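Q: This is the structure I want to talk about, given as structure tokens.
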Amino acid sequence: MPGLAELAALVVCAGSILAAAARDRGMGILGVTVALVAAPLVSHQIPELLPLAFREVAVLTGAYLLWIATGRDQATELRGESAVAGGPFVLLGFVTALVLAPALGPDRGPLVGLASAAAAGMAALALGIGATRLLPGGLGAIMLLLAASLAVTGLAGASGPLDHVVIGLALLAVTAATAFLGSPERPPVAVTAPAEQPNLVHDGGD
Amino acid sequence: MDVRLFLAVSIGAAALALLTRRNPRVTLAVGFGGLIGCVAAALLIGEIAEANLLGGRLVGSPFLRWFLVVGSLAGLAACLVALVTRWQPDLPAATLAALGGGALALSIEALPIALLAATAAGALGLMSLATRRVDPIDRRVTLVYLQGLVGAGTIAVVAAAWLVGPSGPLVFDALAGGAAALAMSLALAIRFGAVPFHAPTARVVRAAVPLGIPLLLAWLPVLVFLVALTWSHRILLGQPVDLGAVPVLVALVGAGSLLVGGMGALGRPPESDDLQHIVSYGIVQDAGLFLLAFGAFDASVWEAGRVWSLYFVVSKVGLTAWMAAIIAVRGTALIGSLEGWARRSPLLAVGLLCAIAVGLGFPGLDSWDARLSIIQSAADRPLRWVAYGGWALAYVPFMRVLWIGLRAEGPPLPIRARLRVRVPPDRPERDVRELARYAFATARFSRLAISVVLTVAVGLGGVFLAAGPAGLSEAAAILPEPVLPPASPGP
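Line by line, the protein sequences give chains A and B.
The opening residue of the first sequence carries number 40 in my numbering; numbering runs sequentially from there.
The opening residue of the second sequence carries number 249 in my numbering; numbering runs sequentially from there.
Here is the structure:
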């Protein structure tokens, strides 16, 4: 559908700008989620319904896990006041890629795929560089993986159904890993599953 | 049967184990049941069975079958040893997810997507790093590791997609080919922790439970290597392009990692002279070997590189099982405090020797031949001697640990660890549930003995593999057909 890929690319860019410029975790997760949801449509052909639905459900599930896992953390600030505003760099990356992409030759995917990849990549750098806490660093990793998947679309062309499923699983895996590791509490371990016992010499010794 | 059965078992069991995390007994049962199911499913895979999954092709091969069988057995062994030494509740789920991701990555035909699958598997493996306490240092280590694996995955994906267009591989020149090859090599160097990217590797070795190390730092990076190797032979070497100085540069970094890794474990101050350093610098060394194997860009190392990747995974399971057993028995990982360990626990000495045989090799073993073949094919004369020097240095810390273990001097243990099977005092009723409780209690009291037996079993299994069982070399030697571009302009 003409125009849908371009519109989706603009939404990805907007989500990336929101994530890169966010100061609190809510806006950061929202920006990343917007970019993730719009990304499958950055293509010359609309994905099939089932793989598209799978991918969207996967990213929304991951975003939700990230939201509730980081909600228990007292700090809601994503980045400090002194952090560089990443929004302008994201836009610059998007426009630069749009201008330079035709130089790669005619046998490539949609130009907006590479532009979206550049936008997501710049957002990843803005979030990840200098990050000391798990949430901004993890959001940066998610945006970097999104950039990789969009680069595949921009370079190698439209993704097939299996590709969308794998991309959805990959994004879910990185998002879930960030949520999992960011969760401050762990369930207790029962007696039958041996707890951490670094020195078993003292257990049952004579 | 095709790889879809393995995918269903591994991914299904991983998901179920994660969903039941709040109930440790159920998740334990699901985890181990899933691992046993993976072994069975891997054995049932037809050697060249192909499958269609959602319009995409999944390609089977004899080597894939070998890899999944050995990987499943190694994962099961690692979880068993962890259960009796130092447990991490999410280790089975992380192992299952990694196995599923690995099967997907090695069977998908589209290589950039395969690399995405390998990156996803790497992220899921991080679950084995999660700790119960909120430790800022552990969090920071985990974050750096996550950023490294996603960064490496991104570089590899873009490098793989760079030479491909919508209608297949593109015609590329030396600059494009060289840049893609260099980028892929960089991704492998980061992923494996080759010098100068070795710092996160060393920190992860400290942060993870011992039996989480083979998963995070062996199995998961090897997936990226195998897909990258396939890419280089199917796409990169499919066209006669001169890669210029790239092979020399990659060989230089590889040989350098072999040498620096060998030196890194020697001459440490007493407070940091521990087993974790030996393990971490051993992995840095092996990263150099993988770079040599990839950077040869030659079909002559195809078989040796693939065979070596199996030995690498199995040797790390054996070595970390030995380390976990030593720490459980002696209560410390500091080498200076391990006086006489081999005299008191000769079976553990056997376990260590087996791990060395699989990981570093002894003449006559297939693991030795694979390492030798990689170094000889990949490096020209000056670099070859640097690589040989690094390889020889790798034996030194292990020989030192063995020497300390055989000494008669040293302070006595605070409590003497009796490595024997111990049973609960009260006999069970003739009832299935009571018998099961008795068995569990016996296993719990006899953890030390079980850890030693498992370590030896893993070691002997590795030596059996390193002896070169029939079929492995033939399976690894099957070269992929290069995919040639249609007549179209390239980048």
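Just so you know, even glycine gets a beta-carbon here, dropped at the ideal spot from N, CA and C.
If you're wondering where the values come from, they're calculated on a predicted model, not measured in any experiment.
L347 (chain B): which of B:V307, B:V332 and B:L283 sits nearest, CA to CA?
A: B:L283
Q: Measure the CB-CB distance between P728 (chain B) and G416 (chain B) and report whether it falls below 8 Å.
A: no
Q: Ignoring anything shorter than 4 residues or poking outside the segment 150–174 of chain A, list the alpha helix (DSSP H) runs there in chain order.
A: 150–167
Q: List the endpoints of the continuous beta strand (DSSP E) containing V307 (chain B).
A: G304 to V307
Q: A640 (chain B): buried (16+ other C-beta within 10 angstroms of its C-beta) or exposed?
A: exposed
Q: Listing by chain order, which chain A residues have their CB less than 8 Å from the CB of L364 (chain B)?
A: Ordered by position in chain A, the residues that pass the 8 Å Cβ test against L364 (chain B) are L184, A187, S188, V191, V205, I206 and A209.
Q: Would you say A216 (chain A) faces chain B, with C-beta separation under 8 Å as the test?
A: yes
Q: By Cβ distance below 6 Å, which residues in the same chain neighbour E235 (chain A) in space, the five residues on each side in sequence not counted?
A: Any reading at E235 (chain A) needs caution, since the residue's pLDDT is 39, under 50, leaving its predicted position unreliable; the model's value is listed next. Counting only Cβ-Cβ distances below 6 Å, and skipping sequence neighbours, we find nothing.
Q: Within the chosen definition, does the segment 316–332 of chain B reach the segment 289–296 of chain B through at least 3 CB pairs nearer than 8 Å?
A: yes
Q: Pull up the distance between the alpha-carbon of D534 (chain B) and that of A642 (chain B), whole angstroms please.
A: Distance between D534 (chain B) and A642 (chain B), taken at the CA atoms: about 10 Å.
Q: Let me know the alpha helix (DSSP H) ranges lying completely inside the segment 175–211 of chain A, each 4 residues or longer, listed in chain order.
A: Taking 4 residues as the minimum length, the segment 175–211 of chain A contains no alpha helix (DSSP H) run wholly inside it.
Q: Are the beta-carbon atoms belonging to V278 (chain B) and L255 (chain B) less than 8 Å from one another?
A: no
Q: Taking the alpha carbon of A59 (chain A) as the reference point, which residue from A:V50, A:E95, A:V71 and A:L49 has its own alpha carbon closest?
A: A:V71
Q: Mind listing which residues of the segment 40–71 of chain A have their C-beta closer than 7 Å to chain B's C-betas, in chain order?
A: none
Q: Return the residue from the list A:L173, A:A180, A:L174 and A:R172 that minimises the CA-CA distance to M161 (chain A).
A: Checked all of A:L173, A:A180, A:L174 and A:R172; the closest Cα to M161 (chain A) is A:A180.
Q: Using a Cβ-Cβ distance cut-off of 8 Å, determine whether L410 (chain B) contacts chain A.
A: Note on identity: in this sequence residue 410 (chain B) is Trp, with Leu being the wrong assignment. True, the Cβ-Cβ gap to chain A drops below 8 Å.
Q: At a Cβ threshold of 8 Å, is F133 (chain A) touching chain B?
A: no
Q: Flag this pair as touching only if the segment 439–446 of chain B and the segment 520–540 of chain B have three or more C-beta atom pairs under 8 Å; answer yes or no.
A: By the Cβ test, the segment 439–446 of chain B is in contact with the segment 520–540 of chain B, since at least three Cβ pairs between them sit closer than 8 Å.
Q: Just grab the DSSP bridge partners of A299 (chain B) for me.
A: B:L306
Q: Is it right to say M571 (chain B) is buried, meaning 16 or more other beta carbons lie within 10 angstroms of its own, or is it exposed?
A: Its Cβ being crowded by 16 or more others within 10 Å, M571 (chain B) is buried.
Q: State whether the segment 591–605 of chain B contacts the segment 702–715 of chain B, with contact taken as three or more CB pairs (one from each stretch) at a distance under 8 Å.
A: Yes: at least three Cβ pairs fall under 8 Å.
Q: Does the distance from the CB of I583 (chain B) to the CB of V680 (chain B) come in under 8 Å?
A: no
Q: Closest Cβ-Cβ distance between I361 (chain B) and chain A: below 8 Å?
A: yes
Q: Closest Cβ-Cβ distance between V81 (chain A) and chain B: below 8 Å?
A: no
Q: For the alpha helix (DSSP H) that contains R268 (chain B), what are its first and last residues?
A: Checking the sequence, you will find Thr at residue 268 (chain B) rather than Arg. Neither: T268 (chain B) is in no alpha helix (DSSP H) and is coded neither H nor E.
Q: Identify which residue in A:L130, A:A195, A:A197 and A:R172 has its Cα closest to the Cα of Q395 (chain B).
A: A:R172
Q: Whole angstroms is fine: what's the gap from G47 (chain A)'s alpha carbon to L131 (chain A)'s?
A: The sequence given here has Ala at residue 47 (chain A), not Gly. A47 (chain A) and L131 (chain A): Cα-Cα distance of roughly 18 Å.
Q: Check whether chain B comes within 8 Å of V157 (chain A), counting only Cβ atoms and requiring the distance to be less than that.
A: According to the sequence provided, residue 157 (chain A) is Ala. The question's Val does not apply to it. A157 (chain A) does not count as touching chain B.
Q: DSSP three-state call for L418 (chain B): helix, strand or coil?
A: Looking at L418 (chain B) - three-state DSSP - the assignment turns out to be coil, as it is neither helix nor strand.
Q: Is the beta carbon of A603 (chain B) sitting closer than 8 Å to the one on S699 (chain B)?
A: no
Q: DSSP three-state call for E224 (chain A): helix, strand or coil?
A: For E224 (chain A), the predicted structure reports a pLDDT of 48, less than 50, and the residue's modelled location is therefore unreliable. A value from the coordinates is still provided. In the structure shown, E224 (chain A) sits in coil (DSSP, three-state: anything other than H, G, I, E or B).
Q: With H, G and I counted as helix, E and B as strand and the rest as coil, what does DSSP make of G492 (chain B)?
A: coil
Q: Which of the three DSSP states, helix, strand or coil, is assigned to D63 (chain A)?
A: Strand.
Q: Out of B:L276, B:L352 and B:L328, state which residue places its alpha-carbon closest to the alpha-carbon of D214 (chain B).
A: A query on residue 214 (chain B) cannot be resolved here, the shown segment of chain B reaching from 249 to 739 and no further.
Q: Compare the C-alpha of V81 (chain A) against each of A:G199, A:M66, A:A216 and A:L220 and name the closest.
A: A:G199
Q: Apart from the five residues on each side of it in sequence, which residues of its chain come closer than 7 Å, Cβ to Cβ, to R655 (chain B)?
A: E587 and G588
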